[in-house]
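Structure record follows, encoded as structure tokens.
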Ligand SMILES: Cc1cc2nc3c(=O)[nH]c(=O)nc-3n(C[C@H](O)[C@H](O)[C@H](O)COP(=O)(O)OP(=O)(O)OC[C@H]3O[C@@H](n4cnc5c(N)ncnc54)[C@H](O)[C@@H]3O)c2cc1C
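In our numbering, the protein residues as written are 4 to 439.
Structural data, given as structure tokens:
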């Protein structure tokens with residue numbers, strides 16, 4: 004967890020108390036057979052000389068090239084807070100945007116938005132051909148599974164800095180030190196995993212919580228909500244955290260064709276997590292690693308290092324994240340997928356051939372990333388307005404169909420609660436599903 008927002012920082016304290024561990028992040032990239040620190044362009048040292056040269060020349064051309072003066076994108080709402088305050092952060096540490104950890108020195112005012120620019124063009128224009136070729140394009144293609152020309156750039160957030168040439172050259176000539184400062188820190192519950200933070204809400208909720216309550220049908224005009232077990236509730240205002248396409252699906256014929264079409268147009272990336280429990284201690288001191296090349300996973304989250312309570316004695320836990328979608332189906336599944344991850348972990352030096360895999364499992368995230376294609380904004384707006392007219396308020400990453408980090412999701416909940424209050428609501432019924 005990480006947030007620049009003071010309200011969220013206070014929330015962390017209320018929800019977790021002392022059950023939290025803060026530490027400086029160790030975020031790395033593995034490419035060309037070496038580990039380099041993230042962000043890629045700020046720590047080229049150790050890469051082959053021709054790669055470094057291409058990255059530096061490309062960055063110089065992007066900054067000072069003969070092409071037009073660089074333009075800048077506007078900010079998406081969810082990232083403004085983080086990025087406008089002082090320092091830049093990478094939403095969800097997904098590595099999609101190779102930002103610097105520092106306040107950019109070469110930042111310019113936001114010009115009128117160039118709506119026609121796609122993500123691929125944006126990458127070449129902002130970071131130049133070398134960084135594009137060796138990290139930004141292959142990594143983002145792997146993560147997003149679709150052609151980057153099909154994506155727009157409003158989600159990128161914050162003022163995207165032009166490459167800081169001094170930083171790039173410094174980082175190419177000598178090893179880069181551990182990142183420092185508040186933005187280099189992240190927290191994780193000492194005990195109980197990330198769920199501990201959600202459980203922290205329970206004593207503060209004034210109202211009943213229905214557990215294992217799958218919403219299976221909604222009648223928006225009647226203001227009725229039905230659960231899988233047949234129970235039915237009437238609402239005044241409904242705050243939904245369900246994935247937006249699912250919300251429209253459970254309305255069935257109650258939603259007009261235009262709304263169903265807009266929901267059907269929403270594209271997403273799913274993630275299959277392969278969790279590995281390895282019979283060896285201290286496998287690595289890194290926290291997460293981005294893999295732009297040919298491993299099946301695009302990122303490994305080193306779950307075992309998230310807090311001192313995460314690894315059992317003698318063991319170590321890793322999560323390999325594999326994105327997939329209709330555009331890029333999973334190449335295999337089950338034990339075959341686990342074996343493939345283990346093999347690739349050996350290939351990149353994370354595991355040794357003789358390491359014992361004590362346990363392994365798969366966790367599917369059917370909704371993991373919202374694809375910002377060129378139709379997204381209009382579709383979301385259409386659905387959102389139609390729902391609001393029926394007292395349904397969207398709140399959260401998959402509900403608002405936004406690239407939210409968990410701190411943004413907290414703020415989305417706060418915003419939704421205020422909106423209901425403004426609409427002079429009746430008491431709310433809070434619904435929590437513990438299956439997921
Ligand atoms: C791979 C990955 C890694 C991430 N890493 C980080 C990270 O390191 N840090 C970070 O801050 N964020 C991270 N995120 C983002 C973070 O997970 C989300 O921003 C956050 O979970 C969004 O919260 P939410 O409440 O909007 O949605 P969710 O967490 O999806 O919550 C939605 C809720 O709605 C309920 N629900 C859904 N459908 C129904 C239904 N039909 N009936 C009843 N209930 C229903 C679900 O059970 C769930 O409780 C990551 C995301 C991914 C995909």
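Ideal Cβ positions, reconstructed from N, Cα and C, are used throughout, including at glycine.
Candidates the options, of which the one nearest residue i by Cα
i: residue 364; options: 387, 278, 166; result: 278
i: residue 283; options: 353, 338, 341; result: 353
i: residue 16; options: 199, 213, 332; result: 199
i: residue 58; options: 172, 348, 67, 11; result: 172
i: residue 370; options: 377, 383, 326, 343; result: 326
i: residue 297; options: 265, 36, 419, 97; result: 36
i: residue 231; options: 206, 217, 418, 240; result: 217
i: residue 34; options: 18, 119, 139, 61; result: 139
i: residue 252; options: 65, 147, 349, 386; result: 386
i: residue 405; options: 158, 346, 234; result: 158
i: residue 305; options: 66, 241, 320; result: 320
i: residue 152; options: 322, 268, 120; result: 120
i: residue 269; options: 374, 340, 347; result: 374
i: residue 156; options: 149, 182, 123; result: 123
i: residue 408; options: 98, 265, 65, 46; result: 98
i: residue 30; options: 381, 14, 322, 303; result: 303
i: residue 241; options: 45, 21, 424; result: 424
i: residue 146; options: 379, 272, 62, 377; result: 272
i: residue 32; options: 166, 18, 149, 134; result: 134
i: residue 380; options: 265, 316, 183; result: 265
i: residue 46; options: 166, 202, 64, 281; result: 166
Backbone CA spacing between residue i and residue j [nearest angstrom]
i: residue 8; j: residue 402; result: 21 angstroms
i: residue 421; j: residue 194; result: 32 angstroms
i: residue 238; j: residue 342; result: 48 angstroms
i: residue 52; j: residue 263; result: 53 angstroms
i: residue 130; j: residue 288; result: 29 angstroms
i: residue 70; j: residue 368; result: The predicted model places residue 70 with a pLDDT of 43, which falls under 50 and marks its position as unreliable; any figure quoted below should be read in that light. Roughly 42 angstroms separates the two Cα atoms.
i: residue 154; j: residue 180; result: 34 angstroms
i: residue 338; j: residue 300; result: 15 angstroms
i: residue 372; j: residue 260; result: 25 angstroms
i: residue 125; j: residue 285; result: 39 angstroms
i: residue 309; j: residue 336; result: 27 angstroms
i: residue 257; j: residue 388; result: 15 angstroms
i: residue 141; j: residue 324; result: 16 angstroms
i: residue 384; j: residue 11; result: 27 angstroms
i: residue 419; j: residue 210; result: 17 angstroms
i: residue 314; j: residue 39; result: 25 angstroms
i: residue 160; j: residue 356; result: 41 angstroms
i: residue 347; j: residue 340; result: 11 angstroms
i: residue 67; j: residue 56; result: 16 angstroms
i: residue 170; j: residue 360; result: 40 angstroms
i: residue 204; j: residue 214; result: 14 angstroms
i: residue 275; j: residue 366; result: 6 angstroms
i: residue 14; j: residue 61; result: 43 angstroms
i: residue 150; j: residue 54; result: 24 angstroms
i: residue 208; j: residue 250; result: 24 angstroms
i: residue 183; j: residue 41; result: 13 angstroms
i: residue 267; j: residue 378; result: 11 angstroms
i: residue 19; j: residue 316; result: 24 angstroms
i: residue 349; j: residue 322; result: 14 angstroms
i: residue 318; j: residue 311; result: 12 angstroms
i: residue 65; j: residue 345; result: 39 angstroms
One or two residues paired with residue i in a DSSP bridge
i: residue 235; result: 229
i: residue 323; result: 277, 303
i: residue 286; result: Answer is none; residue 286 lacks a bridge partner.
i: residue 404; result: Answer is none; residue 404 lacks a bridge partner.
i: residue 222; result: 227
i: residue 154; result: 376
i: residue 41; result: Residue 41 is not bridged to any residue.
i: residue 242; result: 396
i: residue 368; result: 274
i: residue 415; result: Paired residue(s): none; residue 415 is not in a bridge.
i: residue 31; result: 40, 292
i: residue 189; result: 26
i: residue 331; result: 328
i: residue 362; result: 280
Chain D within 9 angstroms of residue i, Cβ atoms only
i: residue 202; result: Going by chain labels, chain D is absent from the structure shown, which holds only one protein chain.
Exercise. Would you check if the stretch 376 to 395 and the stretch 216 to 226 touch, i.e. whether three or more CB-CB distances between them fall below 8 angstroms?
Key: Cβ pair count under 8 angstroms is three or more, so yes.
Quiz item: Taking one C-beta from the stretch 329 to 344 and one from the stretch 175 to 182 each time, how about it: are there three or more such pairs within less than 8 angstroms?
Solution: Contact between the stretch 329 to 344 and the stretch 175 to 182 is absent, because fewer than three Cβ pairs lie under 8 angstroms.
Self-check item: Inter-stretch contact (C-beta, 8 angstroms, three-pair minimum) for the stretch 398 to 413 and the stretch 246 to 255
Solution: Flag = yes, the stretch 398 to 413 and the stretch 246 to 255 touch.
Self-check item: the stretch 285 to 295 / the stretch 405 to 417 touching (three or more Cβ pairs under 8 angstroms)
Solution: With the cut-off at 8 angstroms, the stretch 285 to 295 and the stretch 405 to 417 do not touch.
Exercise. Taking 8 angstroms as the threshold, find out whether the stretch 181 to 190 comes into contact with the stretch 22 to 31 through three or more Cβ pairs.
Key: As far as the Cβ criterion goes, the stretch 181 to 190 touches the stretch 22 to 31, which means the pair count is three or higher.
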